[in-house]
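Note sheet for the following structure.
Residue numbers (this note's numbering): 90 to 458.
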């Protein structure tokens, strides 16, 4: 689907929070809208100097998760999509050249820091001649701060931190927490939501918590404990979340679909907080399962694609340099031979000046008989 966001709408995008980003990007239906929105949103992050809710590396990782989700959803409509294709909507098996339109998306997944650096420069350049308003000044300042944060050693540091978030060790746990934070208004909102699930003093003293409540607590602790056998285990977490919701809503059958938020909102206090956490856990794990495989597949394939292209370009350049050197050597050899020939000829011509001249016999006057 083509881009439907207008230029004015794109220009008005500003960084609020990654919770705001996730909420708004999920509303967009077109893949191209999602990538354009993501580009403008991250370009307004401004780097870690802006003290946002998430570091720039974390914001990039969360955005890559959402683009991978969009790709996974779009792939469901196709029988086969190559691993290095990000947006299958513009990939046509009969016209593979059209896949070149996917290159910006591929670069975002393969090397988001390079992509955002180039895009931020483009967006800043496009602002030449715009109205000198306070809003435009702030927009340009955000672009410039983003460019600075992605340049040189600072950019290498952002790239390194973003890469660390992709490693398999502990990634599922981090990603689920990112998802829950974004669903609950950000890190502070999530922290308050978790605090609200803790049992009251009387409940702790008299042990009135249900088995389902205790299991949910233990499953959440185990999921986040690197030393626990169930660390990062989404199945165990899902089981505890479902058990708690069934405890509160005995008539709810998980096989018939997700429970309604309206039902949860009828609860109050700790029960409501636990039910909301369970609901969001089930949403987050479902999203994570759909995304993880596609995220890794696309990231690895696009990085390999660009690496192969760079290697081919370097090989072609080396071959060109070798050919140039060979041609230069051949020409120098010819020049040396010509110079040697010219010198030999000059020596011969010069030597002629000193050759012995034979006296010619004098002509004898004819004598009349």
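We treat Cβ as the ideally placed atom computed from N, Cα and C, and that holds for glycine.
Check, Outcome
"Count the C-beta pairs between the region 260–274 and the region 146–160 that are closer than 8 Å, then say yes if the count reaches three, no if not.", "yes"
"Return helix, strand or coil for residue 290, following the three-state DSSP convention.", "Confidence in residue 290 is poor, its pLDDT being 43 and thus under 50, which makes the residue's placement unreliable; the coordinate value appears in the next sentence. Three-state result, residue 290: helix."
"Between which two residues does the alpha helix (DSSP H) carrying residue 104 extend?", "First-last for residue 104: undefined, no H or E at that position."
"How many Å lie between residue 380 and residue 401 at the Cα?", "31 Å"
"Taking the straight line between their C-alpha atoms, what separation do you get for residue 173 and residue 390?", "5 Å"
"Please classify residue 368: does DSSP put it in a helix, a strand, or coil?", "helix"
"I'd like to know whether the C-beta atoms of residue 308 and residue 326 end up nearer to each other than 8 Å.", "yes"
"Closer than 8 Å is the cut-off here; do at least three beta carbon pairs connect the region 345–364 with the region 162–170?", "no"
"Return helix, strand or coil for residue 165, following the three-state DSSP convention.", "coil"
"Starting from the Cα of residue 283, find the closest Cα among 238, 234, 360 and give me that residue.", "360"
"Helix, strand or coil: which one does DSSP assign to residue 126?", "helix"
"At what residues does the alpha helix (DSSP H) containing residue 309 begin and finish?", "300–312"
"Can you tell me which of the three DSSP states residue 140 falls into?", "coil"
"With DSSP run on the structure shown, which of helix, strand or coil describes residue 222?", "coil"
"How many whole angstroms separate the CB atoms of residue 156 and residue 123, which I take to be in contact at a CB cut-off of 8 Å?", "7 Å"
"Within the chosen definition, does the region 212–229 reach the region 251–263 through at least 3 CB pairs nearer than 8 Å?", "no"
"Quick check on DSSP: helix, strand or coil for residue 348?", "coil"
"Within 10 angstroms of its Cβ, does residue 369 collect 16 or more other Cβ (buried), or is it exposed?", "buried"
"Going by C-alpha to C-alpha distance, which of 119, 107, 245 sits closest to residue 94?", "119"
"Where residue 170 and residue 128 are concerned, what is the direct C-alpha to C-alpha distance, given to the nearest angstrom?", "24 Å"
"Indicate the three-state DSSP secondary structure (helix, strand or coil) for residue 99 in the structure shown.", "helix"
"When burial is assigned at 16 or more other CB atoms within 10 Å of the CB, is residue 106 buried or exposed?", "buried"
"Mark residue 349 as exposed unless 16 or more other C-beta atoms lie within 10 angstroms of its C-beta, in which case mark it buried.", "exposed"
"If you draw a straight line from the C-alpha of residue 145 to the C-alpha of residue 313, how long is it?", "23 Å"
"Does the Cβ of residue 159 have 16 or more other Cβ atoms within 10 Å, making it buried, or fewer, making it exposed?", "buried"
"Going by C-alpha to C-alpha distance, which of 276, 395, 302 sits closest to residue 287?", "302"
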